[in-house]
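Okay, so here's the structure we're looking at.
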Amino acid sequence: MNKFKSFLVNLCRTLLAITFIFSGFVKSIDPLGTQYKIGDYLEALNLAGKVPEWIQLITSIGLSAIEFTLGVLILLAIQRRLVSKLTVFFMVCMTAVTLWLTIGNPIQDCGCFGDAIRLSNSMTFGKNVVLLTASIVVMKWPLYQVRFISKTNQWIATYFTIVFIVVASVLSLYHLPIFDFRPYFIGQNIKKGMEIPKDAKPTVYKNTFICVKDGVQKEFDEKNFPYDDSTWVFIDSKQEIVEQGYEPPIHDFSITNEETGEDLTEAILTKKNYTFLLISPFFEVAEDGNFGEIDYIYEYAKEHGYDFYGLSASTDYGVKHWRDVTGAEYPIYTTDGTTLKTVIRSNPGLLLLYQGTIINKWSHNDLPTAEELNAPLNLLSIGHEPEDSTWSKIFAIVLCYILPLILLIVADRIWAWTQWVKKREQWLKEKEQWLVKKEQSNKLYQLLKRKRQMRKKIVAGNWKMNETLQEGIALATEINDALKADKPNCDVVICTPFIHLASVANVLDKELVGLGAENCADKEKGAYTGEVSAAMVKSTGAEYVILGHSERRQYYGETAEILKEKVQLALANGLKVIFCCGESLEEREANKQNEVVKAELEGSVFNLSAEEWKNIILAYEPIWAIGTGKTATSDQAEEMLAYIRSIVADKFGKEIAAETSILYGGSCNAKNADELFSKPNIDGGLIGGASLKAADFKAIIDAWKK
Ligand code: PGA
């Protein structure tokens, strides 16, 4: 479907481009012809004489240049969206105008293609409907137009085109149109151009006569005309073409001597020698600056026995004015003004005939000079029809416009190609870098994953102040048996009150379940009634001790300094420390959790050596989640544990941080353990309430199996 759309759009765009370029060009190189056509339209709109001629001329040059430039922009697919909209706008206007021509017939020839191609009004309307449809197709999918020139260099082609077409217009105006599409081209024999072949079909006309009687107007044709009733007074007549017959290329050329009424057409066109015709549709508005050259040519003609006439549709006043201003002595005859405008696009212009054939044409700006006219015409090149110069003109256009444009397009394509190569190289480089990075990050990820796998996964129970000795032994036995029957995938520790330690140690299989205390003294030994030292804990067979629990900090006033001492003593006595940290609800609400946790760690454990650190397990326990049933969400917990790991990394390095087990504690239970333990930084849990039932505790331990 897309291929079809692209084909359709590019087909329509080519049709539009060729039509616009051709019609714009043929009008541009004949600015006066286009101006006359604009004059016809103004007349049809009853605006004749209301718009100054210079405005008509500028409009003629401007409109043709716009049409040509639009064609080139479409061809090269420049500013695709904007240009396609402008094209539709242009075609809507043109179609409306030609619809008016088809319906009202106010003008015979629309002038779309200047004098190059003449279309009937209905044909031109049909043509515009096709072009309007094509322009709508292009506007619908403008981006399907294949570009010939990259965006960056489009302006060069655009400005170059505008300059070219305006210069071509101005040159055609100053000299004569580069191509002459009218029937009065060089080489045309005017008399032959007027001939109608014997077997040609004549045009059939219908004449209507308008008469009036007693104030009543009536139309008659030839048959019912009231020849016998003289009370009808004839006032006007109309002629309509019923059937168009053969029309010779030249059908309106005549030369009349106004003074004698004599028709000189035949006499002048059959002259055996050269004839100069100075053509001026209206002397009143003719350019009179070159009258010296004209007079010289007249003198030259007289001297060599050639005829020299002026042809004009001017009034007597206009002719007199011309004679007064230029001193013209040559005879001036009358020819239809429109015909004269068609003969030569210069006022005045000079025509050289030889036996009725147009040998040469000059604008008043290019009249032959005295140096050129230094011999009889038959000995001069200007006295002979020039070789057909169509190809040299086409060559000039190719050289001045098409070739530079093609060179620009080629240069642009090469430039675009080098840009593409550069971009591709850059892209390949970036891709390579990206792949290397990806591989590196993959490696890093693998490393972190390995480390995570290497880090110990721990589920530790904290019985707090619960269970009598007998109950404790029973619970420990139950847990031990359950794990014996179904081996855990992680380290399991139970931390009990001091009095349970020795007895519980006896019932636990050390390979399956580790034993820990919930506290130890900050003094080595001595007169500290009620205290239990780290050494004593160790002597029961326990290997772990919980320190820094929020309940100890809160209810027993354990400060960072006290805890620092306890940690030192525990480690010195070969115990592993489960060190707790965590913020209160107010601190979290004030968004101070990171600050609080960091201070707790810095205050009690960040002073340790890397070697000592190996026996530290961290447990993050937000105070607001302990024993409240409110768990931190897995994301909140993960975020904090990742932060703790980052500050451990800052302190001890990434390797050690990756090896440190960090647990989460606070309402962790069989239901939420899976979710919590699935987070990359959570290495297990410190379980309070849920560790007091063997089944619940076992279910949490089993979360590591999922
Ligand atoms: P909890 O206690 O699981 O009952 O919330 C945890 C702890 O204080 O270690």
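Residue numbers are given in this note's numbering: position 128 of the sequence shown equals residue 135, and the series is strictly consecutive. Every residue, glycine too, gets a C-beta built ideally from N, C-alpha and C. This one's a predicted model, so the numbers in the text were calculated from it and none came from an experiment.
Next item on the list: For the segment 127 to 169, list the alpha helix (DSSP H) runs that are entirely contained and at least 4 residues long, ordered along the chain.
Entry: 128 to 147
Check: What did DSSP end up calling ALA403 once you bin it into helix, strand or coil?
Finding: One-based indexing of the sequence shown puts residue 403 at position 396. In this structure, ALA403 counts as helix in the three-state DSSP scheme.
Check: At what residue ranges does the segment 359 to 419 contain a whole run of the beta strand (DSSP E), taking only runs of 3 or more?
Finding: 364 to 370
Checklist line | Range covered by the alpha helix (DSSP H) that runs through ASN487 | finding: Residue mapping note: residue 487 aligns to position 480 of the sequence shown, counting from 1. Per DSSP, ASN487 belongs to the alpha helix (DSSP H) from 476 to 492.
Next item on the list: Quick one: residues in its chain with C-beta nearer than 8 Å to the C-beta of GLU538, no 5 flanking neighbours on either side, listed in chain order?
Entry: Position 531 of the sequence shown, counted from the start, is the residue given in the question as residue 538. The answer, listed in chain order, is ALA528, LYS530.
Next item on the list: For THR322, count neighbouring Cβ atoms within 10 angstroms of its own Cβ and tell me buried if that reaches 16, exposed if not.
Entry: Walking along the sequence shown from the start, residue 322 turns up at place 315. So THR322 counts as exposed.
Next item on the list: Find the nearest neighbour of PHE120 within the set SER30, LEU406, LYS198, THR66, judged by alpha-carbon distance.
Entry: As a first step, residue 120 is located in the sequence shown; it is residue number 113 there, counting from the start. Per the Cα distances, SER30.
Next item on the list: Buried or exposed for THR210, please, with buried defined as at least 16 other CB atoms from any protein chain shown within 10 angstroms of its CB.
Entry: Position 203 of the sequence shown holds residue 210. Exposed is the call here.
Check: Taking the continuous beta strand (DSSP E) assigned at ASP757, which residues delimit it?
Finding: Residue 757 lies beyond the range of the chain shown here (8 to 713); nothing can be said about it.
Next item on the list: Can you give me the start and stop residues for the beta strand (DSSP E) that TYR303 sits inside?
Entry: Counted from its first residue, the sequence shown places residue 303 at position 296. TYR303 -> not in any beta strand (DSSP E); alpha helix (DSSP H) instead, spanning 298 to 311.
Note to self: What does the Cβ neighbour count give for TRP424, buried or exposed, with the cut at 16 atoms within 10 Å?
What the structure shows: By one-based count along the sequence shown, residue 424 stands at place 417. When all chains shown are included, TRP424 counts as exposed.
Margin query: From the DSSP secondary-structure annotation, give me the bridge partner or partners of VAL443.
Written below: Within the sequence shown, residue 443 is the residue found at index 436, counting from 1. The partner list for VAL443 (beta bridge, DSSP) is empty, contrary to what the question assumes.
Note to self: Restricting to Cα atoms, I'd like to know which of ASN128, ALA123, GLY111, ILE110 is closest to CYS117.
What the structure shows: Your numbering for residue 117 matches position 110 in the sequence shown. Ranking ASN128, ALA123, GLY111, ILE110 by Cα distance to CYS117 puts ASN128 first.
Next item on the list: Identify whether ASP122 lies in helix, strand or coil by the three-state DSSP scheme.
Entry: As a position in the sequence shown, residue 122 is number 115, starting the count at 1. Correct three-state label for ASP122: coil.
Check: Per DSSP, what kind of secondary structure is PHE3 in: helix, strand or coil?
Finding: Nothing can be reported for residue 3: it is not among the residues displayed for the chain, which extend from 8 to 713.
Note to self: Closer than 8 Å is the cut-off here; do at least three beta carbon pairs connect the segment 197 to 205 with the segment 387 to 395?
What the structure shows: no
Check: For PHE14, which option in GLY299, ILE81, GLN152 has the closest C-alpha, if you only look at C-alpha atoms?
Finding: Translated into the one-based positions of the sequence shown, residue 14 becomes position 7. Cα-wise, what sits closest to PHE14 is GLN152.
Check: For LYS621, which option in ASN580, GLU609, GLU485, ILE663 has the closest C-alpha, if you only look at C-alpha atoms?
Finding: Residue numbering aside, residue 621 sits at position 614 when the sequence shown is read from its first letter. Checking every option, the nearest Cα to that of LYS621 belongs to ILE663.
Item checked: Contact under 7 Å by Cβ, VAL326 with PHE298 -> Within the sequence shown, residue 326 is the residue found at index 319, counting from 1. Within the sequence shown, residue 298 is the residue found at index 291, counting from 1. No; because the gap between Cβ atoms is not below 7 Å, this pair is not in contact.
Margin query: DSSP three-state label for TYR43, please.
Written below: Taking the sequence shown and counting its residues from 1, the one referred to as residue 43 is at position 36. Reduced to three states, the DSSP call for TYR43 is helix.
Note to self: Can you give me the C-alpha to C-alpha distance between ASN496 and HIS507, rounded to a whole angstrom?
What the structure shows: Here residue 496 refers to the residue found at position 489 of the sequence shown. Here residue 507 refers to the residue found at position 500 of the sequence shown. Those two C-alpha atoms are separated by around 26 Å.
Check: Which one of GLY222, LYS436, THR503 has the shortest CA to CA distance from THR547?
Finding: Locating residue 547 in the sequence shown gives position 540, where the first residue counts as 1. Checking every option, the nearest Cα to that of THR547 belongs to THR503.
Next item on the list: With GLN63 as the anchor, note down where its beta strand (DSSP E) starts and where it stops.
Entry: On the sequence shown, position 56 is the one that residue 63 refers to. It is not in any beta strand (DSSP E) - GLN63 instead sits in the alpha helix (DSSP H) that spans 60 to 83.
Note to self: With distance defined between alpha-carbon atoms, name the residue in TRP711, ILE68, PHE613 nearest to LYS658.
What the structure shows: Translated into the one-based positions of the sequence shown, residue 658 becomes position 651. Answer by Cα proximity: PHE613.
Check: Starting from LYS583 and walking both ways along the beta strand (DSSP E), at which residues does that stretch end?
Finding: The count along the sequence shown starts at 1 and reaches residue 583 at position 576. It spans 583 to 588 - the beta strand (DSSP E) in which LYS583 sits, taken as one unbroken run.
Notebook entry, point to check: Are the segment 467 to 476 and the segment 437 to 449 touching by the rule of at least three beta carbon pairs closer than 8 Å?
Noted result: no
Note to self: Could you compute how far the alpha carbon of ALA55 sits from the alpha carbon of LEU49?
What the structure shows: For this step, residue 55 is matched to residue 48 along the sequence shown. For this step, residue 49 is matched to residue 42 along the sequence shown. If you take the alpha carbons of ALA55 and LEU49, they lie about 5 Å apart.
Checklist line | Residue range of the unbroken beta strand (DSSP E) whose run includes GLU714 | finding: Nothing about residue 714 can be reported from this structure: the residues present for the chain run from 8 to 713 only.
Next item on the list: For the alpha helix (DSSP H) containing THR503, list its first residue and its last residue.
Entry: Indexing the sequence shown from 1 puts residue 503 at position 496. Taken as a continuous stretch (DSSP letters only), THR503 belongs to no alpha helix (DSSP H), being part of the beta strand (DSSP E) at 498 to 503.
Next item on the list: Answer with buried or exposed for CYS675, where buried requires no fewer than 16 other C-beta atoms within 10 angstroms of its C-beta.
Entry: Counting from one through the sequence shown, the residue named residue 675 turns up at place 668. When all chains shown are included, CYS675 counts as buried.
Next item on the list: Return yes when at least one heavy atom of the ligand PGA lies under 6 Å from the C-beta of SER674, else no.
Entry: Translated into the one-based positions of the sequence shown, residue 674 becomes position 667. Within the cutoff, so yes.
Notebook entry, point to check: Are ILE286 and VAL219 close, meaning C-beta to C-beta below 7 Å?
Noted result: Position 279 of the sequence shown, counted from the start, is the residue given in the question as residue 286. Position 212 of the sequence shown, counted from the start, is the residue given in the question as residue 219. No.
Note to self: Taking the beta carbon of ARG431 as the centre, do at least 16 other beta carbons fall within 10 Å, making it buried, or is it exposed?
What the structure shows: The count along the sequence shown starts at 1 and reaches residue 431 at position 424. So ARG431 counts as exposed.
Check: Can you pull the DSSP bridge partners for TYR340?
Finding: The residue labelled residue 340 in the question sits at position 333 within the sequence shown. TYR340 pairs with LEU318.
Margin query: So, with DSSP's three-state summary, where would you put ASN354?
Written below: Looking up residue 354 in the sequence shown gives position 347. ASN354 falls in the coil class under three-state DSSP.
Note to self: Taking 7 Å as the threshold (C-beta atoms), are ARG352 and PRO190 in contact?
What the structure shows: Here residue 190 refers to the residue found at position 183 of the sequence shown. Here residue 352 refers to the residue found at position 345 of the sequence shown. Cβ atoms of PRO190 and ARG352: not closer than 7 Å.
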